[in-house]
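Here this note's numbering = 1-based position in the sequence shown + 55. Where a beta carbon is used, it is the ideal one built from N, C-alpha and C, also for glycine.
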Amino acid sequence: MTSIRRVLFVCMGNICRSPMGEALLRHHVSEQNLEGIEIDSAGIGGWHAGEPPDPRMRETARRYGVIVRGEARKITRSDLTSFDLILCSDADILGQVRSLGASKDRARLMLDCHPELAGSDVPDPYYGGDEGFEAVYSMLDEACLNLVEMLRNDSV
Numbered sequence: 056m057t058s059i060r061r062v063l064f065v066c067m068g069n070i071c072r073s074p075m076g077e078a079l080l081r082h083h084v085s086e087q088n089l090e091g092i093e094i095d096s097a098g099i100g101g102w103h104a105g106e107p108p109d110p111r112m113r114e115t116a117r118r119y120g121v122i123v124r125g126e127a128r129k130i131t132r133s134d135l136t137s138f139d140l141i142l143c144s145d146a147d148i149l150g151q152v153r154s155l156g157a158s159k160d161r162a163r164l165m166l167d168c169h170p171e172l173a174g175s176d177v178p179d180p181y182y183g184g185d186e187g188f189e190a191v192y193s194m195l196d197e198a199c200l201n202l203v204e205m206l207r208n209d210s211v
């Protein structure tokens, strides 16, 4: 695969896991002065289109100095080819993204970038309590830190 310049995070509704991944990668890319990386997020469904990310996810990130912004949107066909790397929250979402036409080398799991949790799903914290949002933050933070190094070294 060629150099990764555009990264898309995808979850169910684009209000919890994918905006958190987007925000964390933006945060770490900025902190480490890695330039030329475009980062976005989307959902498989459009139920929450136009809505801000879940307030519990925003609050969890804020406690760590990470700002989660944006509005939910549904993934588009053009996303499948315009993004170099599409990171999906779980195996079901990955399957749906691939069934829409994303190639196997382009679409992967978010935690495939995690040094210990590769191949695992990011659990959906939507119906749970604060501990679920903390767990998702921790998983994605480690994965995004590792992803920055992979992007820097062109080893994604």
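Near residue 56, what residues of its chain come up, given a Cβ to Cβ distance below 6 Å and the 5 sequence neighbours on each side ignored?
Reliability of the predicted coordinates at residue 56 is poor, the pLDDT of 43 falling under 50, and the value obtained from them is presented with this limitation in mind. The answer, listed in chain order, is 160.
By alpha-carbon positions, which one of 211, 169, 108 and 152 ends up nearest to residue 162?
152
Among 192, 65 and 90, which has the Cα closest to the Cα of residue 116?
The residue with the shortest Cα to Cα distance from residue 116 is 192.
Using only the alpha-carbon positions, how far apart do residue 109 and residue 70 sit?
5 Å
Whose C-alpha, out of 77, 102, 76 and 91, is nearest the C-alpha of residue 207?
When the alpha-carbon of residue 207 is set against those of 77, 102, 76 and 91, the nearest one is in 91.
Where does residue 66 fall in DSSP's three states?
strand
For the putative contact between residue 62 and residue 80, defined by C-beta atoms under 8 Å, what is the C-beta separation to the nearest angstrom?
6 Å
Alpha-carbon spacing of residue 104 relative to residue 68, whole angstroms
8 Å
Taking the C-alpha atoms as reference points, what is the distance between residue 138 and residue 112?
24 Å
Output needed for residue 100: all residues of its chain with C-beta closer than 7 Å, excluding positions within five of it in sequence on either side, in chain order.
67, 68 and 129
According to DSSP, is residue 90 helix, strand or coil?
coil
Of the residues 93, 98 and 126, which one's Cα is nearest the Cα of residue 106?
126
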